[in-house]
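In our numbering, the protein residues as written are 21 to 508.
Positions of the beta carbon are idealized from the N, C-alpha and C atoms, including for glycine.
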Ligand SMILES: *Cc1c(COP(=O)(O)O)cnc(C)c1O
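Written out as structure tokens, the structure reads:
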């Protein structure tokens, strides 16, 4: 393909994407395919000779669309949102087109430098303490990672390296393995699996602690666990706290947890993958109260800040720890900085290479403006509140967690079976897509406001479906209690 054809194909592809997104409301959110569907549709081996790109374009509708889940459908209410916006897509085209890899400052100065400024812009929008900002401190700063999972892992590995270094300094006979055996990390039962996974990958014990009645991990719970572990001779070293849990968007109590981490020399990482973005609105900023205690903090603009996947914003209080924990001096990568210290982001992350992701943030923040981004968050929260009011108006249902942001967790009063049946019927109906969850043996449905295209009419539409399916479930269970089951 030459540049001339690229121009034509590029316009064609942009049209394809714009048409797809404009008409997405007419598609059912979930595809109707079974595992293995795709293999039947394309050859088993790559073509020997290059094909005309017309054939490739034609296969999008034949091969891909039938198996695509439409995350940006206004009827998609599963998991948490995946952001998408036209300015972000333009940023991705440019990033791919420039194709300049930014592992060190010198390998692509614009990539590193725009990232520093964008992380500060975003940090200021979130009113982060100045010790997280490049422009206001000498110690802290931010980086764009590809996921919240990697951020939690990097934080854990960094904390682990630091504690091993300190212990071995005072106990030179102790091996790394002996330290590892004693290390204990903590998280709450409601937090995302990525924290437990970070501990598994990091070969350390993790204790999954209970949450309180509001779904929060509390200081007293952590303190008790830390004391128990210390009494056994173990070494508490890391807390993975969560702001906006995936199960039901609850919030760990940072103000209580922070001082306990400080007193016990533990690294506090805050995973705010979804909820963090909402804190650009002053009325939700209180959610981050206590963040001043954190050693690291991450949120996903690719979830709720109009930036398409992938883009995770992570800040650390001490960038020297981050840059020093896994530092390898590699001759080919040495560069002259003229005395100005710039981060070499290869040290801060697991991969070596990195894309120019800050372009997306730059385009999005400039196109929407702070007030425009705040408006998108507020719209989603008000739609969730609207759904909540519909649920509350029907006495057969109950709300299972306070609705603070864009997620409503609810269930039919009564046993789990009923709710599992309700979920099954909604799934079979197929007009909306939700994912259920379970906490402390309580099964419930989650209704998340996901797509930017979702409007009040879509929320009403979803509620009508839920009510209709609930009528069926209740009719069925009345049938069973009266002895009129299908099976007699
Ligand atoms: C979505 C989510 C994650 C996972 O995010 P990735 O960027 O895909 O790793 C982690 N934690 C919470 C609370 C989430 O909601």
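What does a CB cutoff of less than 7 angstroms around residue i pick up in its chain, not counting 5 residues either side in sequence?
| i | result |
| --- | --- |
| residue 267 | 210, 457, 459 |
| residue 313 | 274, 278, 279, 281, 282, 288 |
| residue 118 | 376 |
| residue 412 | 419 |
| residue 301 | 394, 397, 398 |
| residue 304 | 298 |
| residue 373 | 121, 123 |
Rounded to whole angstroms, how far is the Cβ of residue i from the Cβ of residue j, which I believe are closer than 8 angstroms?
| i | j | result |
| --- | --- | --- |
| residue 474 | residue 396 | Not confirmed; about 11 angstroms, so no contact. |
| residue 493 | residue 410 | Between residue 410 and residue 493 the Cβ distance is about 17 angstroms, and since that is not below 8 angstroms, they are no contact. |
| residue 421 | residue 162 | About 30 angstroms separates the two Cβ atoms, so there is no contact after all. |
| residue 465 | residue 439 | 7 angstroms |
| residue 298 | residue 425 | 5 angstroms |
| residue 168 | residue 320 | 6 angstroms |
| residue 468 | residue 151 | Actually they are not in contact, since the Cβ atoms of residue 468 and residue 151 sit about 33 angstroms apart, beyond 8 angstroms. |
| residue 160 | residue 323 | Between residue 323 and residue 160 the Cβ distance is about 23 angstroms, and since that is not below 8 angstroms, they are no contact. |
| residue 137 | residue 257 | With a Cβ gap of about 33 angstroms, residue 137 and residue 257 do not count as contacting. |
| residue 223 | residue 245 | Incorrect: roughly 20 angstroms between the Cβ atoms, too far for contact. |
| residue 496 | residue 449 | Not a contact, Cβ separation roughly 15 angstroms. |
| residue 390 | residue 145 | 6 angstroms |
| residue 114 | residue 83 | In fact, because the Cβ distance is near 28 angstroms, the residues do not count as touching under 8 angstroms. |
| residue 253 | residue 189 | Their Cβ separation, rounded to whole angstroms, is 19 angstroms, which puts residue 253 and residue 189 out of contact at 8 angstroms. |
| residue 165 | residue 261 | Not a contact, Cβ separation roughly 18 angstroms. |
| residue 265 | residue 310 | Not a contact, Cβ separation roughly 16 angstroms. |
Return helix, strand or coil for residue i, following the three-state DSSP convention.
| i | result |
| --- | --- |
| residue 508 | Bear in mind that the predicted position of residue 508 carries a pLDDT of just 36, short of 50, making it unreliable; the figure below should be weighed with that in mind. Looking at residue 508 - three-state DSSP - the assignment turns out to be coil, as it is neither helix nor strand. |
| residue 450 | coil |
| residue 301 | coil |
| residue 269 | coil |
| residue 126 | coil |
| residue 460 | coil |
| residue 421 | coil |
| residue 89 | coil |
| residue 455 | strand |
| residue 470 | coil |
| residue 427 | strand |
| residue 432 | strand |
| residue 372 | coil |
| residue 346 | coil |
| residue 465 | strand |
| residue 96 | strand |
| residue 140 | helix |
| residue 221 | helix |
| residue 154 | coil |
| residue 276 | helix |
| residue 69 | coil |
| residue 284 | coil |
| residue 112 | helix |
| residue 215 | helix |
| residue 117 | helix |
| residue 413 | coil |
| residue 238 | coil |
| residue 56 | coil |
| residue 146 | coil |
Have a look at the DSSP bridge pairing and note the partners of residue i.
| i | result |
| --- | --- |
| residue 335 | 162, 317 |
| residue 378 | In DSSP, residue 378 forms no bridge with anything. |
| residue 260 | 207, 289 |
| residue 227 | 206 |
| residue 255 | 203 |
Starting from the C-beta of residue i, find all residues in its chain whose C-beta is less than 8 angstroms away, skip the five residues before and the five after it, and write them out in chain order.
| i | result |
| --- | --- |
| residue 263 | 271, 272, 274, 290, 291, 292, 295, 296, 307, 308 |
| residue 476 | 403, 406 |
| residue 26 | none |
Going by beta carbon distance, what residues of the same chain come within less than 6 angstroms of residue i, once the five residues before and after it are set aside?
| i | result |
| --- | --- |
| residue 316 | 175, 289, 336 |
| residue 226 | 205, 216, 219 |
| residue 479 | 403, 406, 407 |
| residue 199 | 184, 187 |
| residue 401 | 425, 426 |
How about residue i: is its C-beta nearer than 9 angstroms to some C-beta of chain D?
| i | result |
| --- | --- |
| residue 197 | Checking the listed chains, one finds no chain D in this structure; it contains a single protein chain. |
- Report yes or no: do three or more beta-carbon pairs, one from the region 41 to 49 and one from the region 87 to 98, lie closer than 8 angstroms? yes
- Do the region 405 to 416 and the region 199 to 213 touch if we need at least three Cβ pairs shorter than 8 angstroms? Put simply, the region 405 to 416 does not touch the region 199 to 213. Fewer than three CB pairs are less than 8 angstroms apart.
- Does the region 352 to 372 come within contact of the region 122 to 138, defined as at least 3 CB pairs closer than 8 angstroms? yes
- Assess, as a yes-or-no matter, whether the region 168 to 183 is touched by the region 330 to 349 under the definition of 3 or more beta carbon pairs within less than 8 angstroms. yes
- Task: For the region 422 to 433 and the region 107 to 122, state whether three or more C-beta atom pairs, one from each stretch, are separated by less than 8 angstroms.
- Result: no
- May I ask you to verify whether the region 380 to 398 touches the region 103 to 110, counting CB pairs closer than 8 angstroms and requiring at least 3? yes
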